[in-house]
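A short write-up of the structure that comes next.
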Amino acid sequence: MEASFLLAKLITLVLSLVVAYLAYHGYRRSGQTPMLYVSGGFIFIGAGAICEGLIYHVFGTTIASAALVQAAIVSSGMVLVLISLTK
């Protein structure tokens, strides 16, 4: 993989995990369940950020199928964040 592409993916992963940690910390302090959903959502979003390239290179799939898996994972994270906003 190209170094700049890998760096951008790693930055996205680290930032999403920091947000997830902060949301989980907020959940532990306040006991507000929506914060737990935000935390889980950002974990999925961060995992989705790196999974496309990994699936493509490790399993040798097509880029379209790797992108489909990534979209499903990121969409799951967005659904969790949406649930947290509606509670």
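Be aware that the sequence shown starts at 1, since it is given in the working numbering, and climbs by one per residue.
Beta carbons: idealized from backbone N, C-alpha and C, even for Gly.
Here the structure is a predicted model, which means the values were calculated and not measured.
For residue 23 and residue 42, believed in contact at Cβ under 8 Å, the rounded distance = The Cβ separation is near 7 Å, so the contact holds.
For residue 48, which option in 81, 32, 19, 76 has the closest C-alpha, if you only look at C-alpha atoms?
-> 76
Is the region 55-72 touching the region 2-15 in the sense that three or more CB pairs, one from each, lie closer than 8 Å?
-> no
Is residue 70 helix, strand or coil by DSSP?
-> helix
Decide if residue 37 is buried, meaning its Cβ has at least 16 other Cβ atoms within 10 Å, or exposed.
-> buried
Can you have a look at residue 84 and say buried or exposed, based on whether 16 or more other CB atoms are within 10 angstroms of its CB?
-> Residue burial annotation: residue 84 is buried, with at least 16 other C-beta atoms found within 10 angstroms of its C-beta.
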